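Below: one structure, written as structure tokens.
Protein chains: 2
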Amino acid sequence: MEFSEHIKTANVEDVVLQQPLHPPSRGTLCITGHHLLFSHREVQDSSCQVLLLLRNIDAIEKSSVENLSGHLGLFTNVVNSKRPSGSSGTIIIKCKDLCVLQLDIPGMEQCLNIAQSIETLSCLDCVVDMYPFFYRPCDAILCDQWGLSNPEKHYTEMEELHERWRLSTVNRDYSVCVSYPAAVIVPKEISDDTLKKVAKFRQGGRFPVLCYYHRKNGMVIMRSGQPLTGANRKRCKEDERLLQAVIEDSDKGYIIDTRSAQQAQQARMTGGGFESKSCYNSWRRLHRHMERGKTLQESLIKLVEACADKSHNMDRWLSKLENSKWLSHVQTALSTAGLLVECLERDGHSVLIHDSEGIDSTLLISTLAQLIMDPSCRTLEGFLGLLEREFVQAGHPFQQRCAHSAFSHARLQQESPVFLLMLDCVWQIWRQFPLALGFSEVLLLRLATETYASNYGTFLCNSDMERRAAQVEDKTQCLFRALLKPREREQYTNPLYEHTELAIWPSVHPQSLQLWRGFFLRWTQQTRHLEEVQQEINNMVIESGKTALSF
Amino acid sequence: MEFSEHIKTANVEDVVLQQPLHPPSRGTLCITGHHLLFSHREVQDSSCQVLLLLRNIDAIEKSSVENLSGHLGLFTNVVNSKRPSGSSGTIIIKCKDLCVLQLDIPGMEQCLNIAQSIETLSCLDCVVDMYPFFYRPCDAILCDQWGLSNPEKHYTEMEELHERWRLSTVNRDYSVCVSYPAAVIVPKEISDDTLKKVAKFRQGGRFPVLCYYHRKNGMVIMRSGQPLTGANRKRCKEDERLLQAVIEDSDKGYIIDTRSAQQAQQARMTGGGFESKSCYNSWRRLHRHMERGKTLQESLIKLVEACADKSHNMDRWLSKLENSKWLSHVQTALSTAGLLVECLERDGHSVLIHDSEGIDSTLLISTLAQLIMDPSCRTLEGFLGLLEREFVQAGHPFQQRCAHSAFSHARLQQESPVFLLMLDCVWQIWRQFPLALGFSEVLLLRLATETYASNYGTFLCNSDMERRAAQVEDKTQCLFRALLKPREREQYTNPLYEHTELAIWPSVHPQSLQLWRGFFLRWTQQTRHLEEVQQEINNMVIESGKTALSF
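Top to bottom, those sequences are chains Z and R. Residue 238 in our numbering is what sits at position 198 of the first sequence, and the numbering runs on without skipping anything. Residue 355 in our numbering is what sits at position 315 of the second sequence, and the numbering runs on without skipping anything.
Here's what the structure looks like:
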């Protein structure tokens, strides 16, 4: 793709930039295929430039100010209409990381050209046109290993698994399940042929696979798509056998279905369904209704609107916060994860978790449950590894879910802030157990930003298959590896971290859950003050030599 | 008073105590004139005893459990009715610091006796019967100076004042104003005779006095009661002259009335009023409606109820939080204080602040304004000194306002959590500027507790006059002095404190204000985790030798 086609005006002088927490400043605006670059007039060193990834732009609003009359009116949609050159235009840029910027651009035509370039270049559809394929940091070595681990390596390292579990490469060409990685862990006695049959019985081909092995008691978390029982209550002997193999003869297991019982029933009408008691008699099914998809996206939009409300009305704010339902979603996610941990750690039984597709709330819950139970997931590396396994490799469709954040007026397609909700839940845990997680809020904020717009290839595409096709591993940089580089990791480490073997049970009382101000109000002054404190604590820790301990 | 009259049962064995954050424990309960003492059966060292000041008990609920039937019923009010000795009783103790305890007491009669003793001894009316008059800590020296300062000393130290202001002892025998201290600061040219006349024109005799001098621009905060203009728009030349003397000829001033204009108008019907423009033409009046009295108390009760709600319903919690209006009161207080600072520091004019009586919201606002403006009020000593001047000496009626907190079913008389609201506002400032205050949240929590029930005499009585009559200074210990003792002060110091000369303007956006969880949810697990963090930070600071700096 020739980006230059879409850039009619590449440079504008005398632009005024207004951004949160800074006084307005005047300088030169430059647009490239992937960036807006603003250089302050006074200061010329690069630290005083503002570099904005176009992909980070969720929506823009244009308005014109005619210099003579001072009249402020919205552009009509005739973008190319010529106006007197004396007038100027304003572009309000709403970013996916919730930052809102304003550009005052002299010359209407230039303003319109810039706006049009932004509109086109900020939502490129083709993945290989995206910036990660062009990003070459000066310290990059492309032959670096990509990613932190992979299913093969993970399996090899988990020796406890080898007796009863095997690594299957039945999906090596992605023909069995488009959203699974090439290798998955399954019960040893289940053959690849059986898996192929089970895949046909599970939505999206997502047959039950192991995602977590609990060393303390040998129990596991499995995840899958819903069984395609349909209206006729179809059965699949292979599926039943697979699940039986998970728990062995004497034991029983839990199925956590993140839909209500009614929703699961209704799913049968469209070919989906649930594991009936009669066919899966060793498994006990628990339903927990979790919102997903559009509902979750609308909740995010409402919350961000509430946060931007400038009225000084406390009642209105609290009632908007309530209406957004975001905190209810946080609560439900944490309590469902808690339920899973109870089944697995307290009751000592294996758990299968799924919703319909098995690529959203399923992954959210299995991630949170592992964080709650397993100390090895609570270090910086451990947590990034968890995200890599449970979201990236497990096939969360990042490209679809994170195409837009809270500002876009585009008709919602497949957007849904599942990953952001997960990060919010992790933040709640971090806040409740400030010593138990090895990473800091800064990491969660960085991840929240990177999922929507990134220099790195980690969150590109919707599955391993798509990443393979686009050669993401060969042609882009890996975010997780970058975050672990010595200089970077310093800022993402929790200086107060103390290892604990215990499960960290988050309180899910509504009183215990809070708005994640660090994210949702990050562009306000007070968040900056909290950052100062964090910095101060970090400095002290470094001084007192405690840093060595936490690495 | 003979406390023993009220103690029919002094000791009960085999009592089970249930308190938040601890497993239930069995031991011996002992009641004295001022305390409940519970000694755990297993551990005998004194650190494992629970010592509860009876004054801290806001309400109790009794219920009986008959051992045979297991029936749980509320006691009828026939307290002395004999019941089978095999039954046992339960007392739920709701403390003013919001802690809720439960005692399971074998033997109904004993239970009833204990309950009756608590009911009588927890709300003694006579101040000299209260515990501060009996408290003798082992390190106490009664000849210690009482309090941190006094008006005389304060005046002497403020040399800038001496040219235009004088110390008047017109109130030395409290005959001019019962709620003022013996000495107050007034304009030099205003004679004591004039003050006496002005006192007759101001509610409660509270003629305008200086409470703060802003070194940066020489402007002052005055406070007073409302002028008693009444329905006939009575004038008082002396009052007008006093206020004119405050601002001198060329200048103007602001009057901040913490009632709405309508309320101020209505006050005229009952003899009160406001400063009319025609009579006080150098003064500009601003009205800001602040809730007080019963409304504030009910708001606290609703908030505490909401916090105790055990349902797991997020919407219900947020809507109860909203309905309590507590955060709205916090917002109004902070924004009114901000208004005062704007008038004084930004606009450079002196301010007179009052409501009707001048002993509640008036003091709240002048305290917050000083904290915002003046770095010397932001150290540990400075803050305690500010509270001493602006609440204790200025005549906030602690005994009336803090007789009960949120649990009592007694008919509300004069209770109102003005001081607690002030502490909450200070906490909001502390959270927004975590480096700017020299004291910690722990101090605010301690103060919140001490105002309602204390070993110390600082918050006894309603005025200097009453304290003098009860010989509080001779016969009790001073809390503020105790807090500043080396070992105590350590825990009340903010380890991250960095002095700043600037005013710290709190954001009053509803999004910026939060529930003070440390206080309102202090008896829950998560608050404990936050305390761990604080401890960890303190330790590090001590290690890194920064402590020396912050003292």
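Every residue gets a Cβ at the ideal spot worked out from N, C-alpha and C, and that includes glycine. Predicted model, so just to flag it, every value in this text is computed and none were measured.
Between R:Ala223 and R:Leu235, the CB-CB gap reaches or exceeds 8 Å.
In this structure, the alpha-carbon of Z:Tyr214 lies about 17 Å from that of Z:Glu513. Taking the C-beta atoms as reference points, R:Pro437 is found nearer than 8 Å to R:Ile399.
In the displayed model, R:Val210 falls within coil according to three-state DSSP, outside both helix and strand. Taking a contact as a CB-CB distance under 8 Å, the pair R:Glu538 and R:Leu477 does not count as one, their CB atoms being some 10 Å apart. Spatial neighbours of R:Lys515 in its own chain (CB-CB distance under 7 Å, excluding positions within 5 residues in sequence) are listed in chain order as Phe173.
Restricted to the region 452-512 of chain Z, the alpha helix (DSSP H) segments that are unbroken, complete and at least 4 residues in length are 458-472, 481-492, 504-509, listed in chain order.
The three-state secondary structure of Z:Glu101, taken from DSSP, is strand. When DSSP reads this structure, Z:Asn96 sits in no beta bridge, so it has no partner.
Across the region 454-479 of chain Z, CB contacts with chain R closer than 7 Å involve Gln472, Phe473, Pro474, Leu475, in sequence order along the chain. The shortest CA-to-CA distance from Z:Val210 to any of Z:Met413, Z:Val249, Z:Gln59 is the one to Z:Val249. Judged by DSSP in its simplified three-state form, Z:Trp563 adopts coil rather than helix or strand. Under the 8 Å Cβ criterion, the region 335-348 of chain Z counts as touching the region 556-564 of chain Z, having at least three qualifying pairs.
Counting only runs of 4 or more residues that sit fully inside the region 184-261 of chain R, the alpha helix (DSSP H) segments are 191-197, 232-241, in chain order. The C-beta of R:Asn51 has fewer than 16 other C-beta atoms within 10 Å across all chains shown, which makes the residue exposed. In its chain, beyond the 5 residues on either side, Leu484, Leu487, Ala488 have a beta carbon closer than 7 Å to the beta carbon of Z:Leu463. If you check the CB distance, R:Gln410 and R:Val548 do not come in under 8 Å. Secondary structure at Z:Cys151: helix, using DSSP grouped into helix, strand and coil. Sequence-ordered contacts of the region 343-373 of chain Z with chain R read Cys347, His352, Asn353, Met354, Asp355, Trp357, Leu358, Ser359, Leu361, Glu362, Leu367, Ser368, Gln371 [C-beta pairs closer than 7 Å]. Think of a sphere of 9 Å around the beta carbon of R:His62: no beta carbon from chain Z falls inside it, the nearest being about 17 Å out. Contact check for R:Arg325 and R:Ser401: beta-carbon distance about 16 Å, past the 8 Å limit, so the pair fails to qualify.
Per the coordinates, the alpha-carbon of Z:Asn502 lies some 59 Å from the alpha-carbon of R:Thr298. Spatial neighbours of Z:Ile132 in its own chain (CB-CB distance under 6 Å, excluding positions within 5 residues in sequence) are listed in chain order as Glu101, Gln142. Across the structure, Z:Gln306 and Z:Lys274 are spaced so that their CA atoms are roughly 15 Å apart.
In terms of CA proximity to Z:Trp186, Z:Gln517 leads the group Z:Lys193, Z:Phe423, Z:Glu541, Z:Gln517. Here R:Lys274 carries a coil assignment [DSSP, helix/strand/coil]. Going by beta carbons, R:Ile225 and R:Ala285 fall outside the 8 Å limit.
Boundaries of the beta strand (DSSP E) around R:Tyr294: 293-297.
Between R:Pro550 and chain Z, the shortest Cβ-Cβ separation is below 8 Å. Within the region 518-542 of chain Z, contact with chain R at the beta-carbon level (separation under 9 Å) is assigned to Pro535, Leu536, Glu538.
Taken residue by residue, none of the region 187-221 of chain Z has a beta-carbon sitting less than 9 Å from a beta-carbon on chain R. Pairing Z:Gln266 with Z:Gln302 gives a Cβ-Cβ distance that is not under 8 Å. Not a single CB atom of chain Z sits nearer than 8 Å to the CB of R:Leu93. A straight line joining the alpha-carbon of Z:Ser351 with that of Z:Cys319 spans about 57 Å. The DSSP-derived three-state label of Z:Arg418 is coil. Z:Pro550 and Z:Cys417 have their alpha carbons spaced roughly 26 Å apart.
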